[in-house]
Amino acid sequence: MEPSGLSVFKQIGSKMRWLTQRQSVLAQNIANVDTPGFKPRDLKPMGFQKSLALAAVKTGGEASHIKIHTTSGAGRGPSRSELTRVDHDTSLSGNSVDMEVELKKSADTALEYQTMANLYQKHMGLLRMAIKGDG
Amino acid sequence: MSFNAAMDAAVSGLRAQTKRLRVVAENMANADTTSNTPGGEPYRRKTISFKSELDRSTGAEQVQVRDIGRDPSAFTRVFEPGHPGADADGYLLRPNVSTIVEITDMQEAQRSYEANLTMLTGARSMLQRTIDLLRS
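So this is what it looks like as structure tokens:
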């Protein structure tokens, strides 16, 4: 069994993918901080339902497996339905990017990413310990 | 890949702010540039505006310079009869550059540049952390 077949690794992986996409959306907001009429966007929060669906993949069969891989496939950016608009104070030029808010979100995202990477490593260590059997 | 999209967007922001800083520097350098022919026009302040553009390969909204225009506001007239650029009445037109406005603009550009740089290093450290997973 490959490690990506385990539900823990699958969930960590999908969360990491989500965080990466969010970081990219936030970078676009920051880049357009002086673009007239630009409205900042954000990813919809990764809800419990989605992680539940991921956890169910193991028992749920092929249909849900394929579905999840098409909605959050790698390479492409997030689909339009996954994005939400966030409106802060709009400036005279119609731009409503709040730099502080975006930077804070980005710091949060980076921290969560670190956490997920550490979790991944920890679980890998547990697996390794089980394989070696020397504790 | 989303890391690339994030870094590309941040880099486009850095590039745009650099161009903005260049325009501000041009305005500051020419804050005293007057005409040498009688009654001629002095330096006219340059302006810069941005637009967001969808990069098809990464799907990221990058920032681009829309255009570099000229500020249409009025010049100031000062009485300086001895100047070669003065008109028949002895008045000289001076550039419509306000150094205070330019410095404010410069600081804003600097702040935006730093924010983009923060995003770039943030995305980079996330990528680095992923690569580090291979080492353990």
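One line per chain: the protein sequences are Y and V, in this order.
At position 125 of the first sequence the residue is numbered 125 (the working numbering), and the sequence of numbers has no breaks.
One gets the working numbering by counting positions in the second sequence from 1 and adding 1000 to each.
Even for Gly, the Cβ is constructed at its ideal location relative to N, Cα and C.
Here the C-alpha atom of A1029/V lies approximately 10 Å from the C-alpha atom of V1097/V. Taking CB atoms only, I131/Y has no neighbour in chain V less than 9 Å away.
Per DSSP, reduced to three states, the secondary structure at L6/Y is coil, with no helix or strand assignment. Neighbourhood of L1133/V in chain Y, by CB distance below 9 Å: A117, Y120, Q121, M124, in chain order. For L92/Y, the closest of I131/Y, L43/Y, K39/Y, N118/Y by C-alpha to C-alpha distance is K39/Y. Three or more Cβ pairs closer than 8 Å define a contact, and the region 1102 to 1111 of chain V meets that threshold against the region 1008 to 1027 of chain V.
Using beta-carbon distances, Q1107/V does not count as an interface residue toward chain Y, since no partner is under 9 Å. For I1048/V, DSSP records a beta bridge to I1068/V.
The secondary-structure analysis by DSSP pairs R128/Y with nothing; it has no beta-bridge partner. The beta carbon of D1032/V is closer than 8 Å to those of R1094, P1095 in its chain, skipping five residues each way along the sequence. When DSSP states are grouped into helix, strand and coil, R1094/V belongs to the strand group. Counted as a single uninterrupted DSSP element, the alpha helix (DSSP H) harbouring F1003/V occupies residues 1002 to 1029.
With the rule of 3 Cβ pairs closer than 8 Å, the region 20 to 29 of chain Y does not count as touching the region 123 to 133 of chain Y. CA-CA distance, W18/Y to T1099/V, rounds to 45 Å. The beta-carbon of K1046/V is placed no less than 9 Å from the nearest beta-carbon of chain Y. Between M116/Y and I30/Y, the CB-CB gap reaches or exceeds 9 Å. Restricting attention to R128/Y, L127/Y, Q121/Y, L126/Y, the CA atom closest to the CA of T1130/V is found in Q121/Y. Residues of chain V whose Cβ lies closer than 7 Å to the Cβ of V33/Y are, in chain order, S1112, A1115.
Secondary-structure assignment with DSSP links L83/Y through a beta bridge to L43/Y.
Looking from the CA of N95/Y, the closest CA among A1005/V, S1012/V, F1050/V belongs to F1050/V. Taking C-beta atoms as the reference points, V33/Y and V86/Y fail to come closer than 9 Å.
In the structure shown, T1076/V adopts extended strand secondary structure according to DSSP, grouped into three states.
Of all residues in the region 1049 to 1067 of chain V, those with a C-beta nearer than 8 Å to a C-beta of chain Y are S1049, F1050, K1051, S1052, T1058, G1059, A1060, E1061, Q1062, V1063, reading in chain order.
At a cut-off of 9 Å between beta carbons, R17/Y contacts chain V.
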